[in-house]
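Chains as they are written, first to last, in our numbering: chain A, 1 to 375; chain B, 376 to 750. Think of the CB as a built atom: it goes at the ideal place given N, C-alpha and C, for glycine as much as any other residue.
Number of protein chains: 2
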Amino acid sequence: MTGSFHPPQRILLGPGPSNVEPRVLEAMMKPMLGYLDPVYLQCMDKIQALLRSVFETDNRVTFSISGTGGAGMEACLANLVEDGDEVLACVNGFFGQRAAELAERWGARVVRLESEWGRPLDMQRVREAFRKSSARIVIMIHAETSTGMRQPIEELKALRDIRDAIFVVDSVTSLGAHPVGIDRNEIDASYSCTQKGLGAPPGLSPVTFSERALEKMRGRKQRPRSWYLDVQLIDKYWSSERAYHHTSPALMNYALCEALAVILEEGLEKRWERHRRNSEAFVAGIEEMGLEMLVEAQHRLWTLNTVRIPQGIDDARVRARLLNEHNIEIGAGFGALKGKIWRVGLMGSGSTLNNVLLLLAALRRVLRAEGFPAS
Amino acid sequence: MTGSFHPPQRILLGPGPSNVEPRVLEAMMKPMLGYLDPVYLQCMDKIQALLRSVFETDNRVTFSISGTGGAGMEACLANLVEDGDEVLACVNGFFGQRAAELAERWGARVVRLESEWGRPLDMQRVREAFRKSSARIVIMIHAETSTGMRQPIEELKALRDIRDAIFVVDSVTSLGAHPVGIDRNEIDASYSCTQKGLGAPPGLSPVTFSERALEKMRGRKQRPRSWYLDVQLIDKYWSSERAYHHTSPALMNYALCEALAVILEEGLEKRWERHRRNSEAFVAGIEEMGLEMLVEAQHRLWTLNTVRIPQGIDDARVRARLLNEHNIEIGAGFGALKGKIWRVGLMGSGSTLNNVLLLLAALRRVLRAEGFPAS
């Protein structure tokens with residue numbers, strides 16, 4: 001019972017976590033520091049500066065929440081939504097549904113604008129729904145991890161012609177791999193995770209808030225119920241006041257800091273390009289095998305590639321064989337797409353041509369053994 | 376900006392994090408697994424079993440929350456408190472205050488039973504306050520990290536003579552170093568952290584819930600607002616249903632698993648005894664130097680030892696010299712005890728005779744240089 005644990009070496013090509021490069025892992029072996037050690041505070045400052053670069057923002061309030069991406073989603077909604085606020089939620093996948101549900105939990109009257117899973121929401125429909133609503137908060141999923149669809153977020157800001165609003169964008173599966181452009185796209189709040197495009201282990205959620213978002217928080221009639229995710233309290237620790245809030249998960253932040261340094265050394269644009277190239281190589285191989293992608297070419301995520309499961313093929317068996325015979329993890333579909341797609345992550349240091357080639361070869365082998373294509 | 380980060384090697388004798396032994400750190404270098412990998416699920420089962428041993432409980436619902444100790448406190452209160460519930464909060468330190476504040480945030484009418492910081496609450500007073508109130512939830516801090524005081528929790532269950540209630544106990548600074556005895560003491564909910572008595576890095580919060588606590592949750596009129604900390608949803612992932620909730624911070628859980636194995640190999644009783652012995656050695660040295668402890672002998676924590684700062688001595692200067700000249704971190708007082716005490720952590724793998732001897736020698740040297748004792 002107390003003996004050591006020896007996990008196998010997996011090639012993680014699912015929806016995350018992805019494999020983390022040794023340099024980032026080794027950062028967690030650096031000497032631990034107390035949460036108010038002056039040297040640790042420098043590390044926090046560095047994380048903030050590097051995160052701003054990756055989010056493409058000048059937002060002062062940009063830091064990591066001490067929880068996973070879901071904690072980041074909750075931090076945004078718990079702080080921005082007040083009881084009775086009308087919120088327009090764009091829903092075309094599982095994480096859009098979840099964001100709408102969380103907004104409701106936090107007291108919002110949610111107007112759901114729904115569309116088919118795997119297709120982006122038409123911005124003309126978003127405009128119409130926004131115009132008809134009295135919503136002052138709009139939630140949009142940039143990279144829908146359940147479908148592999150990328151929602152154009154560039155046109156969100158045009159909604160301000162109609163009425164001022166706060167735009168909350170989920171960048172969990174895009175940050176560090178796709179351009180997010182927080183400032184350029186006038187996004188007011190965004191949350192992400194560490195284990196996908198950023199190439200760090202799971203456990204933290206990078207977030208960023210615009211001045212407009214902070215104003216909304218400062219003007220609240222009641223403080224948010226959540227103390228752990230109270231952004232104004234957390235900010236007092238990350239900013240010059242250095243007021244104790246909770247014991248910072250130091251080793252996770254070391255890893256994040258190193259992963260961000262890796263990203264900026266590679267260069268954001270080169271990194272986006274690498275993700276695009278490897279995704280396209282994967283898609284070419286998939287189509288050559290006679291398989292189909294779920295999402296249309298121009299709306300595909302480069303990070304999370306969704307393949308339709310051919311008729312007659314047993315989803316779970318194929319994934320189990322990839323795992324057991326090849327040590328390769330790919331993701332299952334879920335919600336409306338359960339049993340219908342595979343989700344293939346090519347993210348962070350996992351987005352390599354060799355991973356693409358290996359997965360294609362292994363998948364071809366397993367599918368043949370399972371009788372595809374039918375001869 | 377993007378270069379590597381090189382923290383100094385500190386001896387962490389503050390309120391946590393403590394130094395983590397290499398075997399536990401190395402566990403984080405093990406191959407990462409996906410959150411539904413069958414091998415990862417085995418690791419989760421093992422964590423649950425080991426945590427039950429350390430909490431001294433048979434509670435099925437015993438797992439790690441993916442956030443720090445503060446997230447564990449919030450998870451307990453967010454799930455157990457419903458709007459208008461009366462809660463009796465025992466407050467004799469900063470963390471008692473915080474728990475009372477969180478209960479209020481989550482909708483409770485809080486009756487605060489306060490007493491002097493650094494002294495335990497008299498159980499007769501607790502009985503009286505409970506009798507006069509209509510509280511069905513009682514919060515007690517077992518190990519008050521702000522004062523170094525240990526509250527006897529053995530008599531809590533006797534309150535059930537008066538009225539049935541749910542007992543929530545903060546074991547952040549006791550678990551793994553002091554007996555907690557969840558089942559023996561009939562505690563219904565408890566939260567802890569990983570970076571103190573358990574000897575793992577900060578980032579997770581072990582929690583445990585009795586059947587009585589779960590019944591209260593299942594009977595709620597409304598689900599808790601918090602989704603990230605919704606214990607019933609998290610339980611669906613940790614138990615046989617394995618329903619996705621959030622991406623588990625795998626490496627943090629590897630470290631926790633290894634730290635728990637280390638604890639049970641040492642043996643719980645031997646480990647408690649080691650903490651007691653090193654604390655007593657520290658106190659003997661402190662008193663020999665002419666300094667005084669804040670807390671009376673029989674109510675002292677072995678993990679967190681609080682020393683009164685002698686008159687005329689500059690708190691911040693002494694701590695800065697220990698840090699800069701000796702690479703030793705000790706903690707400052709805060710709240711009502713700011714500038715009045717030092718908080719010395721001897722926890723997990725940091726509770727060693729050599730750490731005690733080194734700190735005493737370094738403190739003696741620094742205090743002499745600062746003019747204590749006055750000659």
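Go ahead and pull the three-state DSSP assignment for residue i.
{"i": "residue 349 of chain A", "result": "helix"}
{"i": "residue 553 of chain B", "result": "strand"}
{"i": "residue 197 of chain A", "result": "coil"}
{"i": "residue 228 of chain A", "result": "coil"}
{"i": "residue 332 of chain A", "result": "strand"}
{"i": "residue 403 of chain B", "result": "coil"}
{"i": "residue 138 of chain A", "result": "strand"}
{"i": "residue 20 of chain A", "result": "coil"}
{"i": "residue 698 of chain B", "result": "helix"}
{"i": "residue 598 of chain B", "result": "coil"}
{"i": "residue 661 of chain B", "result": "helix"}
{"i": "residue 385 of chain B", "result": "coil"}
Can you list, in chain order, the residues of its chain with a C-beta nearer than 7 Å to that of residue i? Leave out the 5 residues immediately preceding and following it.
{"i": "residue 442 of chain B", "result": "580"}
{"i": "residue 261 of chain A", "result": "50"}
{"i": "residue 458 of chain B", "result": "482"}
{"i": "residue 398 of chain B", "result": "633, 637"}
{"i": "residue 14 of chain A", "result": "329, 330, 331, 343, 345"}
{"i": "residue 133 of chain A", "result": "86, 88, 111"}
Would you kindly report the start and end of the unbroken alpha helix (DSSP H) that includes residue i?
{"i": "residue 254 of chain A", "result": "250–266"}
{"i": "residue 612 of chain B", "result": "606–613"}
{"i": "residue 479 of chain B", "result": "469–480"}
{"i": "residue 51 of chain A", "result": "38–55"}
First and last residue of the beta strand (DSSP E) that includes residue i?
{"i": "residue 584 of chain B", "result": "580–584"}
{"i": "residue 190 of chain A", "result": "189–191"}
{"i": "residue 291 of chain A", "result": "Looking at the DSSP string, residue 291 of chain A is not in any beta strand (DSSP E), and its letter there is neither H nor E."}
{"i": "residue 544 of chain B", "result": "541–545"}
{"i": "residue 486 of chain B", "result": "484–489"}
{"i": "residue 680 of chain B", "result": "679–683"}
{"i": "residue 438 of chain B", "result": "436–440"}
{"i": "residue 158 of chain A", "result": "Premise fails: residue 158 of chain A is in no beta strand (DSSP E) and is neither H nor E."}
If residue i and residue j are in contact, beta carbons under 8 Å, what's the gap, nearest whole angstrom?
{"i": "residue 609 of chain B", "j": "residue 429 of chain B", "result": "Wrong, their Cβ atoms sit about 19 Å apart, outside the cutoff."}
{"i": "residue 733 of chain B", "j": "residue 678 of chain B", "result": "The Cβ separation is near 18 Å, so there is no contact."}
{"i": "residue 522 of chain B", "j": "residue 547 of chain B", "result": "In fact, because the Cβ distance is near 13 Å, the residues do not count as touching under 8 Å."}
{"i": "residue 231 of chain A", "j": "residue 75 of chain A", "result": "6 Å"}
{"i": "residue 706 of chain B", "j": "residue 718 of chain B", "result": "4 Å"}
{"i": "residue 174 of chain A", "j": "residue 213 of chain A", "result": "Rounded, the Cβ-Cβ distance is 19 Å, inconsistent with contact."}
For residue i, which residues in the same chain have their Cβ closer than 6 Å to its Cβ, ignoring the five residues on either side in sequence?
{"i": "residue 247 of chain A", "result": "35"}
{"i": "residue 423 of chain B", "result": "437, 438"}
{"i": "residue 118 of chain A", "result": "147, 149, 294, 295"}
{"i": "residue 276 of chain A", "result": "302"}
{"i": "residue 665 of chain B", "result": "748"}
{"i": "residue 543 of chain B", "result": "451, 514, 564"}
{"i": "residue 626 of chain B", "result": "403"}
Anything in chain E within Cβ reach of residue i, meaning under 7 Å, just list it in chain order.
{"i": "residue 581 of chain B", "result": "Structure shown: chain E not included; protein chains present are A and B."}
How many angstroms separate the CA atom of residue i from the CA atom of residue j?
{"i": "residue 469 of chain B", "j": "residue 391 of chain B", "result": "16 Å"}
{"i": "residue 209 of chain A", "j": "residue 52 of chain A", "result": "11 Å"}
{"i": "residue 151 of chain A", "j": "residue 287 of chain A", "result": "23 Å"}
{"i": "residue 348 of chain A", "j": "residue 18 of chain A", "result": "7 Å"}
{"i": "residue 738 of chain B", "j": "residue 564 of chain B", "result": "39 Å"}
{"i": "residue 137 of chain A", "j": "residue 165 of chain A", "result": "5 Å"}
{"i": "residue 6 of chain A", "j": "residue 322 of chain A", "result": "20 Å"}
{"i": "residue 114 of chain A", "j": "residue 90 of chain A", "result": "6 Å"}
{"i": "residue 735 of chain B", "j": "residue 350 of chain A", "result": "49 Å"}
{"i": "residue 100 of chain A", "j": "residue 135 of chain A", "result": "13 Å"}
{"i": "residue 372 of chain A", "j": "residue 326 of chain A", "result": "18 Å"}
{"i": "residue 716 of chain B", "j": "residue 681 of chain B", "result": "6 Å"}
{"i": "residue 316 of chain B", "j": "residue 653 of chain B", "result": "This structure cannot speak to residue 316 of chain B, because chain B is shown only from 376 to 750."}
{"i": "residue 462 of chain B", "j": "residue 487 of chain B", "result": "8 Å"}
{"i": "residue 551 of chain B", "j": "residue 640 of chain B", "result": "12 Å"}
{"i": "residue 456 of chain B", "j": "residue 484 of chain B", "result": "10 Å"}
{"i": "residue 215 of chain A", "j": "residue 667 of chain B", "result": "48 Å"}
{"i": "residue 472 of chain B", "j": "residue 182 of chain A", "result": "38 Å"}
{"i": "residue 309 of chain A", "j": "residue 318 of chain A", "result": "10 Å"}
Less than 8 Å between C-beta atoms, sequence neighbours within five positions excluded: which residues of the same chain meet that for residue i?
{"i": "residue 629 of chain B", "result": "402, 403, 405, 418"}
{"i": "residue 535 of chain B", "result": "561"}
{"i": "residue 631 of chain B", "result": "422, 439, 569, 573, 575, 579, 581"}
{"i": "residue 179 of chain A", "result": "56, 268, 272"}
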